[in-house]
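Using numbering that gives the first Met the number 0, the letters of the sequence shown correspond one by one to residues 0 to 494. We put the beta carbon where it would ideally sit given N, CA and C, even for glycine. Remember, it's a predicted structure, so these values are computed and weren't measured experimentally. The block underneath contains the structure these notes are about, expressed in structure tokens.
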Amino acid sequence: MACFPRAGPILRGPMSDTPRLGLPLLAAGQAQKHVTHNDALMRLDALVHLVVASRTQTVPPASPAETSAYIVPAGGTGVFAGHQDELAIFEDGAWNFLPPRAGWQAWVTDEAEHHVWTGTQWRRSQPESSLGAALWGVNTAADTTNRLAVSADASLFNHAGTDHRLKLNKASASQTASLLFQDNWSGRAEIGLAGDDQLRIKVSPDGGNWTEALVVDRTTGLVTLPASTWAREIPRQNLLINGDFQINQRAFAGGALANGVYGYDRWKASGASSMTLAGDVLTLASGEIAQVVERAFWGLMSLASTTVTLSVEAPTQNLAVTVGSASGTIAAGAGRRSITLTTGAGDTGNITVKLARSGAGAVSFGRVRLEVGTGATPWQGRPEEGWLAARYCHVLHPGAAGVRLAAGQLIDTGELSVGIALPAPLRANNPNVTQSGLNRRVFSESPVTGVTGSAAHGAMLSLILSSAALSAGVSYTALLTTAGSGSYLAVEAEL
0 MACFPRAGPI LRGPMSDTPR LGLPLLAAGQ AQKHVTHNDA LMRLDALVHL
50 VVASRTQTVP PASPAETSAY IVPAGGTGVF AGHQDELAIF EDGAWNFLPP
100 RAGWQAWVTD EAEHHVWTGT QWRRSQPESS LGAALWGVNT AADTTNRLAV
150 SADASLFNHA GTDHRLKLNK ASASQTASLL FQDNWSGRAE IGLAGDDQLR
200 IKVSPDGGNW TEALVVDRTT GLVTLPASTW AREIPRQNLL INGDFQINQR
250 AFAGGALANG VYGYDRWKAS GASSMTLAGD VLTLASGEIA QVVERAFWGL
300 MSLASTTVTL SVEAPTQNLA VTVGSASGTI AAGAGRRSIT LTTGAGDTGN
350 ITVKLARSGA GAVSFGRVRL EVGTGATPWQ GRPEEGWLAA RYCHVLHPGA
400 AGVRLAAGQL IDTGELSVGI ALPAPLRANN PNVTQSGLNR RVFSESPVTG
450 VTGSAAHGAM LSLILSSAAL SAGVSYTALL TTAGSGSYLA VEAEL
């Protein structure tokens with residue numbers, strides 16, 4: 000009989016496992032060789048075309064299937080503890096752990112990615128195509144949170160002949176799209192759209208406590224520096240006139256106001272309302288007050304889709320606020336309290352500001368401000384506040400009898416034509432003029448019975464007043480005087 004040489008390597012010396020895959024070898028004269036042979040086949044079944052369920056699962060599964068396999072990550076618990084980067088294979092009802100060798104490859108099911116052991120780490124291998132790659136690691140391992148990971152001293156994104164833009168897109172305004180700068184994995188600075196659509200820059204000493212340093216309004220481009228004391232304390236323009244209710248040309252004594260009737264200058268009732276004033280604190284017992292903001296007067300092209308902040312002093316209960324089509328609530332509390340709103344796209348013209356009680360009972364507050372931008376700036380009175388109010392209303396009310404208001408031409412029909420200088424140009428050239436208790440005086444007093452014509456020309460008001468007729472063909476220079484302490488002449492050009 001011919002003898003043929005044995006196929007395969009010649010084994011020298013005692014050896015129980017193969018050097019690469021650790022397969023059990025049959026020993027000479029071994030009994031039950033099928034057991035060892037079957038063990039080797041099971042190991043081959045697990046390692047050849049290696050498939051692992053995950054490389055991020057730190058807790059062993061409760062009911063693993065036979066030949067289930069995992070790459071043990073850092074922080075493994077239970078039987079996985081102390082086996083980082085090893086292959087955990089469930090065989091014959093128990094976990095066996097195999098240290099990988101350089102070049103071993105595994106398909107990671109939960110990532111749908113191919114990985115190779117470099118000798119020091121499991122690294123995602125180059126895919127056949129970059130199209131549709133779920134993870135991409137450059138000199139480091141990517142994961143399901145950081146799907147693109149780069150470990151390098153620098154990164155270059157170059158143009159392809161013209162421009163180059165790096166885009167960060169978020170799902171909605173309430174989400175975040177930002178650049179986060181870290182020190183040893185702890186955040187120190189962030190720039191981007193964080194929680195809304197304003198550009199924000201914030202900083203942190205420890206990664207947990209953050210200070211907002213700069214905010215740029217997305218609509219107006221207005222820059223605010225919330226952390227800078229000097230910047231916070233520079234008031235922006237107050238779009239409301241007579242916010243402290245101190246100008247009261249109509250001599251409103253407080254109490255009930257019918258819908259649309261003005262009390263304190265520029266403020267009118269919206270619906271039936273009742274209010275009183277003590278110092279600069281207004282108490283609104285019922286209803287709401289309103290003021291119309293004249294957009295063009297403040298040099299604004301539009302207030303549509305604009306971020307505005309309305310603030311008051313020390314509201315005693317929650318205060319309901321409406322600015323154009325936007326609304327919200329200022330919470331009760333001491334000091335300056337505010338709410339920031341964004342007006343609607345349709346708020347293109349003049350807008351109405353309304354303040355009302357948010358619950359039962361009266362609400363007291365003071366010093367109302369409306370400003371473009373985020374964050375409330377301090378209250379500041381304006382020396383020109385009376386001039387601003389006079390653009391919409393001017394009341395001549397001397398408070399005594401016999402006061403001469405103007406001189407004019409009186410003709411035989413009883414019409415007295417006078418010109419009156421106003422403290423400010425009126426908003427409109429056709430104001431509403433009312434009077435009470437005025438006299439015309441020639442040789443003797445005669446009551447003025449009404450206003451038959453009026454026109455405003457800048458800060459000059461032309462009036463034609465009616466009174467008793469004179470003899471035909473007679474005209475005089477006459478005086479317009481007050482008959483008593485309650486006499487007045489009111490000129491209104493409200494919105």
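Query, Result
"Beta-carbon contacts of Ala26 that lie in its chain and below 7 Å, excluding the five residues immediately before and after", "none"
"Contact set for Phe251: own chain, Cβ-Cβ below 7 Å, skip 5 residues either direction", "Gly262, Tyr263"
"Whole-Å CB distance - Thr306 paired with Thr373, under 8 Å assumed", "6 Å"
"Euclidean distance between Cα positions of Ala144 and His113", "Note that residue 144 corresponds to Thr in the displayed sequence, not to Ala. Distance between the alpha carbons of Thr144 and His113 is about 18 Å."
"C-beta atoms of Val371 and Arg235 nearer than 8 Å", "yes"
"Three-state secondary structure (DSSP) of Trp386", "helix"
"Beta-carbon proximity check, Glu293 vs Leu354, cutoff 8 Å", "no"
"Residue from Thr219, Thr218, Leu192, Gly220 with nearest C-alpha to Glu211", "Leu192"
"Residues that Phe180 bridges to, as DSSP identifies them", "Ala188"
"Per-residue burial, Glu312 [other beta carbons within 10 Å of its own, 16 or more giving buried]", "buried"
"Pair within 8 Å by beta-carbon distance, Thr351 and Ala289", "yes"
"Alpha-carbon spacing of Thr175 relative to Asp195, whole angstroms", "7 Å"
"Residues near Glu493 in its chain [Cβ-Cβ closer than 7 Å; skip 5 each side]", "Tyr261, Tyr391, Cys392"
"Sub-8 Å separation of Phe364 and Leu437 beta-carbons", "no"
"One or two residues paired with Thr218 in a DSSP bridge", "Bridge partners of Thr218: none, in fact."
"Buried or exposed by the 16-neighbour rule on C-beta atoms within 10 Å, applied to Gly166", "Note that residue 166 is Lys in the sequence shown, not Gly. Looking at its Cβ environment, which holds fewer than 16 other Cβ atoms inside 10 Å, Lys166 is exposed."
"Beta carbon of Arg336 nearer than 8 Å to that of Ala330", "yes"
"C-beta contact flag for Tyr475 and Val447 at 8 Å", "no"
"Extent of the continuous beta strand (DSSP E) run through Ala408", "Before going further, note that residue 408 is Gln rather than Ala in the sequence given. It spans 403–409 - the beta strand (DSSP E) in which Gln408 sits, taken as one unbroken run."
"Distance, Val115 Cα to Asp84 Cα", "11 Å"
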